[in-house]
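The opening position of the sequence shown corresponds to residue 1 in my numbering, with each subsequent residue numbered one higher. Glycine included, each C-beta is placed from N, C-alpha and C at the ideal position.
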Amino acid sequence: MKKLLILLLFPVFIYAQTQKETPQWRPNYHFSPPKNWTNDPNGLIYYQGQYHLFYQHNPYENKWGHMSWGHAVSKNLVDWEHLPLAIPEDSVWIFSGSVVVDKTNSSGFQTGTNPCMVALYTADYHDGKKEAQYLAYSNDNGTTWTKYAGNPVIDLQMKDFRDPHVIWHEKTQNWVMSVVFPKEYKVVFYTSKNLKNWTRAGEFGNQGEMRKIWECPALVEMPVDGNIQNTKWLLFVSTNGPYDKFEGMQYFVGEFDGTTFKNNNPPETKLYVDYGKDFYAAIPYTDTPENKKILLGWMSSWQYAGEMPTFPWKGQMAIPRDITLRSTPSGLRLFQEPISTLKAKKDYLTFEKENFVLSKEKQISGSSLFANNSFMVEVEFSIKSAKDFGLKIAQKKDEKDDKKTLQETIVGYDVIGKQLYINRKKSGQIIKENFPSIEKASLKFEDKTLKLKVLVDKSSVEVFANDGQIAITSLIYPDEKANIFSLFTNGGKVKVKYLKITDLSK
Ligand code: FRU
Numbered sequence: 001m002k003k004l005l006i007l008l009l010f011p012v013f014i015y016a017q018t019q020k021e022t023p024q025w026r027p028n029y030h031f032s033p034p035k036n037w038t039n040d041p042n043g044l045i046y047y048q049g050q051y052h053l054f055y056q057h058n059p060y061e062n063k064w065g066h067m068s069w070g071h072a073v074s075k076n077l078v079d080w081e082h083l084p085l086a087i088p089e090d091s092v093w094i095f096s097g098s099v100v101v102d103k104t105n106s107s108g109f110q111t112g113t114n115p116c117m118v119a120l121y122t123a124d125y126h127d128g129k130k131e132a133q134y135l136a137y138s139n140d141n142g143t144t145w146t147k148y149a150g151n152p153v154i155d156l157q158m159k160d161f162r163d164p165h166v167i168w169h170e171k172t173q174n175w176v177m178s179v180v181f182p183k184e185y186k187v188v189f190y191t192s193k194n195l196k197n198w199t200r201a202g203e204f205g206n207q208g209e210m211r212k213i214w215e216c217p218a219l220v221e222m223p224v225d226g227n228i229q230n231t232k233w234l235l236f237v238s239t240n241g242p243y244d245k246f247e248g249m250q251y252f253v254g255e256f257d258g259t260t261f262k263n264n265n266p267p268e269t270k271l272y273v274d275y276g277k278d279f280y281a282a283i284p285y286t287d288t289p290e291n292k293k294i295l296l297g298w299m300s301s302w303q304y305a306g307e308m309p310t311f312p313w314k315g316q317m318a319i320p321r322d323i324t325l326r327s328t329p330s331g332l333r334l335f336q337e338p339i340s341t342l343k344a345k346k347d348y349l350t351f352e353k354e355n356f357v358l359s360k361e362k363q364i365s366g367s368s369l370f371a372n373n374s375f376m377v378e379v380e381f382s383i384k385s386a387k388d389f390g391l392k393i394a395q396k397k398d399e400k401d402d403k404k405t406l407q408e409t410i411v412g413y414d415v416i417g418k419q420l421y422i423n424r425k426k427s428g429q430i431i432k433e434n435f436p437s438i439e440k441a442s443l444k445f446e447d448k449t450l451k452l453k454v455l456v457d458k459s460s461v462e463v464f465a466n467d468g469q470i471a472i473t474s475l476i477y478p479d480e481k482a483n484i485f486s487l488f489t490n491g492g493k494v495k496v497k498y499l500k501i502t503d504l505s506k
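Okay, here's the thing in structure tokens:
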């Protein structure tokens, strides 16, 4: 028996030994686990000066499985310190969920002088028969967790029932959990006084985007246009995104009275969070020092996540985003900007140039800055006669003929079609036939001015346009030597009002 096992496991061992590491795709300023698999962020909480990130993690292999909660902390949401596994699998897998700080010790789990953390997560009975909601608590800063002896805290004997997201609802003085019935396109709300006993309240669903199951709900109260006296609730749901058969996220804007959610838009309105294919399962940090709301998502798609060619890790988080809710001519909309601490890093190389006119493609040199494909571009364009213009990232030219571009990722604006896009058709390694594509978002503006913030970090590109009105997130796998950076225009001229590039490599 033992011999047979060794024989069977030998090829797996050899494969693991021989697989090459891929430092060329290891992000510098995005979170990725030191090794092995990650998907959704879990339990995002700010506690005593640190942001905690728990994450779906396979501690043993570089693929999905043995789901457990990994753990990292950060002071600025950019530099992460990796900590030991927080909640390991047992007879059940530890699926997505959230963490709250129980400031009043409503649960009675606090042992010392500091409030304890309480996690509510989905236990997945991985023989596929059931999902139920479980509780665990920690009295040592989220390092070790005790699984509650009274688990499950909610069990409906359902196969698909997951991703609890818990908030404190001030008005009703209740804990409120949003949790999904994925196949019924429904978020169900539960209330509790002590995080252990939950009462079923209202539900919301069957509207908006329903081309894929609903996962990872999250409710957050947002000031409208920065006014804390006037708030609306956002309900985030991970499901199908803007592209048929690809995951993404939608949000609803409305009221939440402590038991149920009321959509302020007609049921057929679909509001997407991101127009790329690689932004999923995001949940917010809410209880932050300046009461900022920060959204953090997994940067991949279930359509090809297993094919991500990175080793010894697979999976990374998108950049944390400062989110706001603003009035626009089409109604209240979510705005997203890369976390402001990205800028605060010291001693980084920057490149700046102002007021120049572009009439053709122009390589920007400053090689040491681009060498690592790990930087932020801030640029403002004023459209003259151009039909199509923007940036070309991670370019690689033919050594014998530099007119021939072998690889590039294009971030552009199509003036006629009024669309912002990322084109990753020639971005490098094609990990699956459904990977090369152009992701587009409709973007109109009146004064012919387009402001972009573009984050490039080895194996990803994130674009934020006009103060965060539109976000597009895409994974890319360029060659290590594909590190030319250019601006381009087609069909006419564009003026570059300013171009600032900040090196964010370590
Ligand atoms: C979303 C998801 C969740 C689930 C977790 C499992 O990506 O499918 O619904 O809890 O991943 O890893």
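6 Å CB neighbourhood of Asp244 in its chain, flanking five on each side removed: none
Between the CA atoms of Tyr304 and Gly276 - distance to the nearest angstrom: 14 Å
Where Gly306 sits in the DSSP three-state scheme: helix
Cβ shell of Trp80 (< 8 Å), same chain only, five flanking positions each side left out: Phe31, Leu53, Ala72, Val73 and Ser74
Same chain only: Cβ atoms within 8 Å of Gln419, ignoring 5 sequence neighbours per side: Tyr413, Lys440, Ala441, Ser442 and Leu443
Identity of the residue in Lys432, Leu475 and Phe381 nearest Lys448 by Cα: Phe381
Endpoints, beta strand (DSSP E) assigned at Gln419: Gln419 to Lys426
beta-carbon Gln56 near ligand 1 non-hydrogen atom, thresh 7 Å: yes
Leu499 beta carbon less than 8 Å from that of Val411: no
Tyr304 Cβ short of 7 Å to ligand 2 heavy atom set: Because ligand 2 does not appear in the structure shown, any question about it cannot be addressed here, the ligands present being ligand 1.
Straight-line Cα distance separating Phe189 from Lys262: 12 Å
Contact check, Pro217 vs Phe236, beta carbons under 8 Å: yes
Coil, strand or helix - Phe356 by DSSP: strand
Phe236 CB to nearest heavy atom of ligand 1 below 7 Å: no
Check: Asn39 C-beta below 7 Å from any heavy atom of ligand 1: yes
Nearest residue (CA-CA) to Ala136, options Gly150, Asn490 and Asp467: Gly150
Candidates Asp457, Ser365, Asp401 and Lys432, of which the one nearest Thr409 by Cα: Asp457
Touch test, the segment 200–207 against the segment 253–262, Cβ-Cβ under 8 Å, three pairs minimum: yes
Under the three-state DSSP convention, the category Trp93 falls into: strand
Inter-residue Cα distance where the pair is Gly128 and Pro478: 38 Å
Meets three-Cβ-pair contact criterion under 8 Å: the segment 20–38 and the segment 224–236: no
Backbone CA spacing between Leu406 and Ser427 [nearest angstrom]: 9 Å
Segment contact, 8 Å Cβ cut-off, at least three pairs: the segment 296–312 with the segment 469–485: yes
Near ligand 1: Tyr46 beta-carbon under 7 Å from a heavy atom: no
C-beta atoms of Val100 and Trp198 nearer than 8 Å: no
Three-way DSSP call (helix, strand, coil) for Trp25 in this model: helix
Glu290 in three-state terms, based on DSSP: coil
Local Cβ density within 10 Å of Val357, reported as buried at 16 or more and exposed below that: exposed
CB-CB length for Asp503 against Leu349, believed under 8 Å: 4 Å
When Thr38, Phe109 and Asp467 are compared against Ile323, the one with the closest alpha-carbon: Asp467
Nearest candidate by alpha-carbon position, reference Cys116, set Ser107, Asp124 and Thr122: Ser107
Simplified DSSP state of Leu296, which is helix, strand or coil: strand
Beta-bridge pairing of Pro284 - partner residues as DSSP gives them: Leu295
Alpha-carbon spacing of Ala344 relative to Tyr125, whole angstroms: For Ala344, the pLDDT reaches just 49, beneath the cut-off of 50, and the residue's location in the model is therefore unreliable, although a value from the coordinates is still provided. So the two alpha carbons sit approximately 44 Å from each other.
C-alpha gap between Met249 and Val454, whole angstroms: 20 Å
Phe95 beta carbon near ligand 1 (any heavy atom closer than 7 Å): yes
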